[in-house]
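Residue numbers (the working numbering), protein chains in the order written: chain A, 1 to 327; chain B, 1 to 286; chain C, 1 to 389. Just so you know, even glycine gets a beta-carbon here, dropped at the ideal spot from N, CA and C.
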Amino acid sequence: MSAAVEAGFAHFRRRAAWRPLEYAFWIAVVASLLVFPRRLSFINEVAILGLFVLSLDLILGFAGIVSLGHVAFFGVGAYAAALFGLAVFADPLVGVLVGGATAALVGFASSFLILRGSDLTRLMITLGVASLLYELANRLSWTGGANGLNLAPDPVFGIWSFDLFGRTAAIASLAVLFLLFLLARRIVHSPFGLSLRAVTENRLRAGAIGIPTHRRLVAIYTVSAAYAGIAGALLAETTQFVSLDLLAFHRSADALVVLVLGGAGTLYGGLVGAIVFRVLQDVVSDLTPQYWEFWVGVVLVLVVLAGRERLARIPANLYRRLGLEGA
Amino acid sequence: MLTILFDGIAYGMVLFILAVGLSVTLGLMNFINLAHGVFAMAGGYAGAMLVNRAGVPFLLALPLAFLAAALLGVLVERTLYVHVYRRSHLDQVLFTIGLVFMAVAAVDYFIGSSQQFIALPDFLRARLEILGGNIGAYRLFVVAVCAVIATLLQVGLSSSRFGARLRAAVDNGRVARGLGINVGRIFTATFAVGSGLAGLGGMLGAEFLGLDPSFPLKFLVYFLIVVTVGGTSSLTGPFLAAIILGIADVAGKYYLPGTGPFIIYAVMVVILIVRPYGLVARSEAR
Amino acid sequence: MIVRIAAAAAAIAALLSGSAMAEDTVKVGLIASMTGPFAPNGKQMELGARLYMQEHGDTVAGKKIELIVKDDASVPDNSKRLAQELVVNDGVKFLMGMNLTPIALAVAPVATQAKVPLIVTLAGTSIITEKSPYIVRTSFTLPQSAVVMADWAAKNGIKKVVTMVSDYAPGADAEKWFVDRFKAAGGEVVESIKVPLANPDFAPFLQRAADDKPDALYIFVPVSQGGVVMKQFVERGMDKQGIRLIGPGDFVDDELLNGMGDAALGVITAHNYSVAHPSDMNKKFVAAYKAASGGGRPNFVGVHTYDGMHLVYAALDKTGGDTDGDKLVEAMKGMSWESPRGPISIDPDTRDIIQNIYMRKVERGSDGELYNVEFATIEAVKDPVKAAK
């Protein structure tokens, strides 16, 4: 191989290498289980939100697809896991896989919707489809309708049951999150991921050099749907309950806010954003259960005014060192 | 059924008045203002306070609600929004959602979270028989007011100098600026009018849409639907979209009550698949 | 205002105290929807609970009672996590609240696992009390008022009815039990219309109902939409067509009633509480609530939680301060007392509430305000769903 190509490969290999700060992040995450033994159910929720926002990052940050209907896959995954557990086999990990697979199927089937039109069109189509699914779930009795369904999952691996402290839940969710994160990281740094960035930057040009743009977008959309579905299924298994709220619009909106807050296109942005947002919400909500929305709104406004770039300069340098710039 | 058709038109017209400001703002400055509903809510609450507590006559309170919302719009635009124009869309989304949170909680704190009811004057509570259809005086009034406003807007846009400047700025801001058009000032004025109209819509619609602190979030989706389906490059687009959606929603619920909200979302999805840039759109994306 | 400061102080104290569990403090965890579309309910819940504590002091059987309020924003997985944290971190001995059915269903397993009594102060679906042996309800079940309404309608010249309910669990309950009972009494239900919960305009549904030309329109919508429905009902001239408006009392909420104006006059409902209930206890309660809320009226949600707090005090009193969950629930079974709404008791078999259901009509009082005036009382109504089993 020529020296230039070698240099090129070396560049990408370097960018894909693990940085010390990444190790630090994950060690801190695991440590949180030990430092906050009384907040395990909260950690579980943050992990699941992080996974959901990660799935949104895959399409928004790395493929430029704006979606306000991502909750559809989250909800589909949750209900699929719940119904599977109730009707067939109550193992929680199998349920999570079923949830992810079902969501991936729905994502694949609906991917044609996001290929055309402007950002705003995509936004509204995804929103519309998610709303239709919500109404459908409301109508059908076997989804539990507006009441919801209680689940009774078996213990994980037959040993660890979901306890009141949320220990099993938190560990399971973090484990799944980490594995899926590794996979996402692999995808992003692979030739597939790089071709995706080309497609996002300029679809016409990418198509001209022979990249099958539609197939790439459909592929990442399906993967993203699978991730969202797994997140939903995890929530169903760890809280042992599904209801219409898992298909509600506010989840899509929350995910978008969190992702933008943390920074799209960096993989870590979604996770950091999820932690910051939920902790902020939790702390403020404790102080003022009725008006916490106001203070969270103030924080959002201030963050944008101060300039996410300025505030994010430290983590931005981080991101650059991590080799994970946005699309 | 004439009554249902009329009800749908009334509903659609109010949606148009509410959403037209958002459409023009998006088309003119490419600025995503998800807090648009806040101005509608402000106008509604201003109207409610004026009529219920200060005893101002309903007809007088309408233009006052418009002014209140417009003033709020100018204030917010000059102090807060100016800082966010050059930012990415995602930043604007975050910013305006933050504003919505603040507004919702603030209204809840100062006024409370219960529904606001605006007392109507007697002559608007009558029921009229027109062409064999039973039509409420209030809905007739709403349709009349909105039709007049829509006409004024269209005439103003196409025949006035301000309108010409506005259209130039929407078409190509850079060239417009090069011609000496003060795009910033045009935008502030347009934003004020758009917010004022939203406020007027909020007050008009309170009677059948309800008015409480969650208004901006509840109706954000409907505004976005009107703006997306209608396109952002004209007034006729959102007008048509609002009417179509209003009639489809009301007629759908009347003739097929089991389908409920399916209709409005299904219609929207179908229209967007067929015409991804809206009903009345220019060929390029915005 | 005082209550607000007290609430803030309590919240800060709870935050600072963290996991410190003094032996002589009993904590009560109220999980309410303080934000979102159901925020008014959350406020009524908190005010009702604190009012009771204000009136009766915060000590019972040698224990100090502490109220912790958490907002779940009507999201069931939030409620479940908050319940878990309240039980595990704060060591609450009572869980209270539950704005909606899915929330109650999500939290039920926590109550069972932790062996902590869960006092339901709003959610009204029958099955809730069956989901955990630790659930006790002080609110109502929708079938209670639906059945009474059906009986009254059948006996009072109403032969044809159209039902119009919001498409969610309480709406479905309210419809089913009214329809079944009304038909059994010989009435005819011309049509059952379901309205989407997030519905902007009632025009098409009301028009459809009007076209059916019934004797009465039976409606159930969430609290926030009641006024809008009634205004549109009158706007459409349906009252002049001789159609009566009936239903469970949820939509003529006492807190909002005055704002609904003349459109609400003459509406007949069946419900468990009215601000106009003519008892001394209620008059005192309403006055105290108005003082604490800055002029706002209490509604049934406030009363339910006020009574829920009474249940906490009474149970602790009966067990002599013993906070064991099983003993507390046993103590609660069969308890009966006078509430601002009238006499109520807890059914020892089902742990559900037995209360009077009143037939009321909206009238203008001598002070110019609107009231739900009671004109008939059906005593000691049990939940018909469980009673039928």
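How about residue i and residue j: are their beta carbons less than 8 Å apart?
i	j	result
A111(C)	S79(C)	no
I354(C)	I344(C)	yes
D262(C)	R297(C)	no
F74(A)	A106(C)	no
I346(C)	K327(C)	no
A81(A)	V98(A)	yes
P204(C)	Y254(B)	yes
F191(B)	M41(B)	no
L204(B)	V229(B)	no
G144(A)	S243(A)	yes
A70(B)	G199(B)	yes
F202(C)	A150(C)	no
L211(B)	G117(A)	no
F66(B)	G98(B)	no
Just the C-alpha distance for residue i and residue j, rounded to the nearest angstrom, thanks.
i	j	result
I243(B)	P40(C)	34 Å
G269(A)	V276(A)	10 Å
A293(C)	I65(C)	One point to set straight first is that residue 293(C) is Ser, not Ala, in the sequence displayed. Roughly 22 Å separates the two Cα atoms.
T287(B)	D71(C)	Any property of residue 287(B) remains undetermined from this structure, which presents chain B solely from 1 to 286.
G8(A)	R15(A)	11 Å
P37(C)	E130(C)	28 Å
Y329(A)	A10(A)	Chain A is shown only over 1 to 327; residue 329(A) falls outside these bounds and no answer can be derived.
A109(A)	T102(A)	11 Å
P334(A)	H189(A)	Outside the displayed span of chain A (1 to 327) sits residue 334(A), for which this structure offers no information.
V299(A)	P257(B)	43 Å
G12(B)	I247(B)	7 Å
L187(A)	L217(A)	Per the sequence presented here, residue 187(A) reads as Ile, with Leu not at that position. So the alpha carbons of these two residues sit roughly 13 Å apart.
D209(C)	D215(C)	According to the sequence displayed, residue 209(C) carries Ala and not Asp. Cα to Cα, the separation comes out at about 11 Å.
H214(A)	A32(C)	47 Å
I128(C)	S55(A)	35 Å
F58(B)	I4(B)	26 Å
R286(B)	I65(A)	Bear in mind that a pLDDT of 39 at R286(B), under 50, signals an unreliable position, so the number given afterwards is only what the model happens to contain. Answer to the nearest angstrom: the Cα atoms are 15 Å apart.
V24(B)	S114(B)	32 Å
A315(C)	V75(C)	30 Å
Applying the criterion that 16 or more other CB atoms from any shown protein chain within 10 Å of the CB defines a buried residue, is residue i buried or exposed?
i	result
M281(C)	exposed
M21(C)	Because M21(C) carries a pLDDT of 48, less than 50, the predicted location of this residue cannot be relied on, and no value is offered for it.
L256(A)	buried
D241(C)	Here the sequence assigns Gln to residue 241(C), which means Asp is not the residue at that position. It is exposed - the Cβ of Q241(C) has fewer than 16 other Cβ atoms within 10 Å.
G55(B)	exposed
E207(B)	buried
V301(C)	buried
L111(A)	First, the residue type needs correcting, since residue 111(A) is Ser and not Leu in the sequence shown. Classification for S111(A): buried.
F84(A)	buried
F89(A)	exposed
L370(C)	buried
Y23(A)	exposed
D383(C)	buried
L15(C)	Reliability fails at L15(C), whose pLDDT of 49 lies under 50, so the model's placement of it is uncertain and the value that follows must be treated cautiously. By the neighbour-count rule (16 or more Cβ atoms within 10 Å), L15(C) is not buried but exposed.
R53(B)	exposed
I159(A)	exposed
T126(A)	buried
Please list the terminal residues of the continuous alpha helix (DSSP H) segment that includes residue i.
i	result
R185(A)	R167 to H189
A154(C)	L142 to K155
A152(A)	Looking at the DSSP string, A152(A) is not in any alpha helix (DSSP H), and its letter there is neither H nor E.
T344(B)	Outside the displayed range of chain B (1 to 286) lies residue 344(B), so it cannot be described from this structure.
R87(B)	Counting along the chain, R87(B) falls outside any alpha helix (DSSP H), and DSSP gives it neither H nor E.
Can you give me the start and stop residues for the beta strand (DSSP E) that residue i sits inside?
i	result
R244(C)	R244 to P248
R251(A)	Element bounds for R251(A): not the beta strand (DSSP E) but the alpha helix (DSSP H), F249 to G262.
A32(C)	T25 to A32
N372(C)	L370 to V381
| Closer than 9 Å, Cβ to any Cβ of chain A: which residues of the segment 13-33 of chain B, in chain order? | Using a CB distance below 9 Å, the part of the segment 13-33 of chain B facing chain A consists of L26 and I32, ordered along the chain.
| query | What residues from the segment 42-76 of chain C come within 9 Å of chain A, judged by C-beta to C-beta, listed N to C? | reply | When C-beta distances to chain A are compared with 9 Å, the residues of the segment 42-76 of chain C below that value are G42, K43, E46, V69, K70, D71, A73, S74, V75 and P76, in chain order.
| field | Chain-ordered residues of the segment 198-214 of chain B with a beta carbon less than 7 Å from chain C | value | Of all residues in the segment 198-214 of chain B, the ones placed with a Cβ closer than 7 Å to any Cβ belonging to chain C are E207, F208, L209, G210, D212 and S214, in chain order.
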